[in-house]
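2 protein chains.
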Amino acid sequence: MFDLLFQHIVKKASLTPNELEFLKTVFVPKKLRKRQYLLQEGEVSKYMAFVNKGCLRAYTIDETGREHIVLFAIEEWWIGDMYSYLSGEPSTYNIEALEDSELLLLDRNGQEKILQHIPAFEKFQRIILENNYIATHRRINNMMTKTAEEKYLDFSSRYPQIVQRVPQHMIASYLGITPETLSRIRKQIAENK
Amino acid sequence: MFDLLFQHIVKKASLTPNELEFLKTVFVPKKLRKRQYLLQEGEVSKYMAFVNKGCLRAYTIDETGREHIVLFAIEEWWIGDMYSYLSGEPSTYNIEALEDSELLLLDRNGQEKILQHIPAFEKFQRIILENNYIATHRRINNMMTKTAEEKYLDFSSRYPQIVQRVPQHMIASYLGITPETLSRIRKQIAENK
DNA sequence: CGTCTATTTGAATGTACTCAAAAGCGGTGG
DNA sequence: CCACCGCTTTTGAGTACATTCAAATAGACG
Numbered sequence: 653m654f655d656l657l658f659q660h661i662v663k664k665a666s667l668t669p670n671e672l673e674f675l676k677t678v679f680v681p682k683k684l685r686k687r688q689y690l691l692q693e694g695e696v697s698k699y700m701a702f703v704n705k706g707c708l709r710a711y712t713i714d715e716t717g718r719e720h721i722v723l724f725a726i727e728e729w730w731i732g733d734m735y736s737y738l739s740g741e742p743s744t745y746n747i748e749a750l751e752d753s754e755l756l757l758l759d760r761n762g763q764e765k766i767l768q769h770i771p772a773f774e775k776f777q778r779i780i781l782e783n784n785y786i787a788t789h790r791r792i793n794n795m796m797t798k799t800a801e802e803k804y805l806d807f808s809s810r811y812p813q814i815v816q817r818v819p820q821h822m823i824a825s826y827l828g829i830t831p832e833t834l835s836r837i838r839k840q841i842a843e844n845k
Numbered sequence: 653m654f655d656l657l658f659q660h661i662v663k664k665a666s667l668t669p670n671e672l673e674f675l676k677t678v679f680v681p682k683k684l685r686k687r688q689y690l691l692q693e694g695e696v697s698k699y700m701a702f703v704n705k706g707c708l709r710a711y712t713i714d715e716t717g718r719e720h721i722v723l724f725a726i727e728e729w730w731i732g733d734m735y736s737y738l739s740g741e742p743s744t745y746n747i748e749a750l751e752d753s754e755l756l757l758l759d760r761n762g763q764e765k766i767l768q769h770i771p772a773f774e775k776f777q778r779i780i781l782e783n784n785y786i787a788t789h790r791r792i793n794n795m796m797t798k799t800a801e802e803k804y805l806d807f808s809s810r811y812p813q814i815v816q817r818v819p820q821h822m823i824a825s826y827l828g829i830t831p832e833t834l835s836r837i838r839k840q841i842a843e844n845k
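If you read the sequences in order, they're chains A and B.
For the first sequence, the numbering used here gives the first residue as 653, with consecutive numbering after it.
For the second sequence, the numbering used here gives the first residue as 653, with consecutive numbering after it.
Next up, the structure:
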């Protein structure tokens with residue numbers, strides 16, 4: 653259950669076997685069936701979740717009732733509403749399992765404990781934040797400057813696993829384009845090669 | 653010089669007079685004339701800068717040579733490339749003063765010192781991060797779901813001071829629309845009231 | 001197998017863009 | 001202090017890209 657998490661962490665910061673063992677006492681395993689929710693709009697996001705297995709999406713619903721996917725997560729990714737998690741305010745996101753999934757949950761308390769026991773965890777956290785910052789800013793840049801086709805090509809080369817596993821209209825939603833447009837783009841790409 | 657910074661901080665976390673006094677030894681004042689750069693592409697962002705006076709922009713240049721404004725900052729805002737600051741990697745941003753400006757610089761060293769001396773500073777930092785997270789995600793949401801007109805209306809109601817102070821084509825650049833489109837939108841808004 | 005949902009295709013529309021040129025504005029030097 | 005130059009904003013015309021709405025096809029799940 654903890655193998656993937658441990659691999660994930662030691663890639664970014666070196667922890668002793670003892671320290672890794674300690675982590676087991678802090679993370680809480682949780683299973684989610686397809687279509688179950690980790691978080692619903694209005695709830696406080698008490699956990700950040702590491703995905704050990706499966707696939708999830710975070711989305712919002714706008715005034716006109718449309719869903720907009722904010723984030724996907726598959727194995728070795730983190731998911732949660734960081735804002736709600738940090739501030740304790742209710743979340744505006746829904747987080748739903750797109751496949752049967754296994755998560756490892758970390759709450760603020762657990763996080764504090766880890767930081768007290770394992771100084772190197774700070775570095776790990778910092779790297780996660782950095783990567784998040786980069787991905788978010790790249791996304792803004794893509795939204796601003798790229799055509800629908802470029803957005804899709806960038807996405808599918810960066811996250812090919814997600815393209816495989818997730819319904820096409822959800823990818824369209826993530827990219828901020830209509831399902832019809834994405835369908836036509838894919839057709840055109842297929843033809844031109 | 654430190655008045656605004658102190659106000660800014662005590663709004664978010666309560667610090668003792670002694671602690672505030674200590675901050676003076678850590679932040680480094682810096683003046684920038686209009687059109688001077690705080691950071692240029694390829695340099696490492698060694699500081700996060702608190703804007704005591706003035707106005708700046710952070711922008712990138714894409715493959716086709718176009719500028720895209722990532723961020724504005726006026727009094728009481730922070731500016732810098734957080735990724736480069738945290739990771740030590742070279743920045744892809746340029747940060748330029750749009751007016752004569754006064755900054756207070758904080759480097760990683762200084763930040764460490766503060767955290768050691770002033771535990772309450774952690775809370776302050778957390779709140780800054782939260783606000784940053786919210787603003788960034790709102791921006792993504794706006795880019796994805798809003799028309800050019802809605803983007804402008806949202807921006808100008810949220811940051812009216814910036815609309816006042818910054819050339820129109822830079823606002824267009826920030827919103828990811830052309831200057832011509834923004835001009836037409838503004839005309840239309842003016843007519844319809 | 002049948003139903004429900006996802007994807008594809010078509011036609012018409014609309015929003016924002018490009019390119020080009022005119023008008024407006026501000027800063028600078030004579 | 002005014003005239004000029006350069007940059008910003010506005011306006012116009014034509015175009016491209018993506019959207020909407022509608023319907024047909026394909027695929028998944030019970």
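Positions of the beta carbon are idealized from the N, C-alpha and C atoms, including for glycine.
Residues near residue i in its chain [Cβ-Cβ closer than 7 angstroms; skip 5 each side]
i	result
B:N794	K803, D806
A:H821	P831
B:L667	I661, I770, A772
A:I837	A800, E801, Y804
A:L767	F773, E774
A:K705	E727, S753, E754
A:I780	W730
A:Y689	N746, I747, E748
Own chain, CB closer than 6 angstroms to residue i, minus 5 neighbours either side, in chain order
i	result
A:H769	F674
A:Y826	I721
A:S697	L691, G732, D733, S736, Y737, S743
B:L686	Checking the displayed sequence, the identity of residue 686 of chain B turns out to be Lys instead of Leu. Hits under 6 angstroms: A749, E751, D752.
A:K683	E754
A:E671	I770
B:I829	A800
B:K775	A665
B:D759	K698, Y699
A:S808	V815
Opposing strand residues paired with residue i [DSSP bridges]
i	result
A:I747	A:L691, A:A710
B:E764	According to DSSP, B:E764 bridges with nothing at all.
A:I770	Bridge partners of A:I770: none, in fact.
B:K682	B:L755
B:H720	B:T712
A:I726	A:C707
A:I731	A:A701
B:V696	B:P742
Opening and closing residue of the alpha helix (DSSP H) in which residue i lies
i	result
A:I780	773–797
A:E671	669–676
B:Y737	734–739
A:P812	812–817
B:T833	831–843
B:A824	820–827
B:G654	Rather than Gly, the amino acid found at residue 654 of chain B in this sequence is Phe. Premise fails: B:F654 is in no alpha helix (DSSP H) and is neither H nor E.
N- and C-terminal bounds of the beta strand (DSSP E) containing residue i
i	result
A:M700	699–705
Same chain, Cβ closer than 8 angstroms to residue i, five either side skipped, listed in chain order
i	result
A:G694	P742, S743
B:Q840	E801
B:M653	P681, N704, E754, L756
A:T788	none
B:G740	V696
B:E719	Y711, T712, I713, S825
Exercise. Using a Cβ-Cβ cut-off of less than 8 angstroms, list which residues of the region 700–728 of chain B approach chain A; keep chain order.
Key: Along the region 700–728 of chain B, the positions whose C-beta sits under 8 angstroms from a C-beta of chain A are T712, D714, R718, H720, V722, read in chain order.
Quiz item: Listed in chain order, which residues of the region 744–778 of chain B have Cβ atoms closer than 8 angstroms to some Cβ of chain A?
Solution: Across the region 744–778 of chain B, CB contacts with chain A closer than 8 angstroms involve R778, in sequence order along the chain.
Quiz item: Between the region 815–835 of chain A and chain B, which residues of the former have a C-beta closer than 7 angstroms to a C-beta of the latter?
Solution: If you check each beta-carbon in the region 815–835 of chain A against every beta-carbon of chain B, the ones closer than 7 angstroms belong to G828.
Self-check item: the region 721–731 of chain B in contact with the region 696–707 of chain B per 3-pair CB rule at 8 angstroms
Solution: The region 721–731 of chain B, when compared against the region 696–707 of chain B, does touch it at the 8 angstroms Cβ threshold.
Quiz prompt | Contacting positions in the region 793–809 of chain A - beta carbon closer than 7 angstroms to chain B | solution = Flagged, chain order: N793, M795, M796, T797.
Quiz item: Taking one C-beta from the region 704–720 of chain B and one from the region 743–754 of chain B each time, how about it: are there three or more such pairs within less than 8 angstroms?
Solution: A contact exists between the region 704–720 of chain B and the region 743–754 of chain B.
Quiz item: Using a Cβ cut-off of 8 angstroms, which residues of the region 680–694 of chain A contact any Cβ in chain B, in chain order?
Solution: With the criterion set as a beta carbon lying under 8 angstroms from some beta carbon of chain B, the region 680–694 of chain A has no members that meet it.
Practice problem: Give, in chain order, every residue of the region 653–673 of chain A whose Cβ lies closer than 7 angstroms to some Cβ of chain B. | Solution: Answer set for the region 653–673 of chain A: empty.
Quiz item: Can you list, in chain order, the residues of the region 781–792 of chain A whose Cβ is nearer than 8 angstroms to any Cβ on chain B?
Solution: Taking a C-beta cut-off of 8 angstroms against chain B, the contacting residues of the region 781–792 of chain A are L781, E782, Y785, I786, T788, H789, R791, I792, listed in chain order.
Quiz item: Between the region 727–742 of chain B and chain A, which residues of the former have a C-beta closer than 8 angstroms to a C-beta of the latter?
Solution: Interface annotation for the region 727–742 of chain B against chain A: M734, Y735, L738, S739, criterion Cβ-Cβ distance under 8 angstroms.
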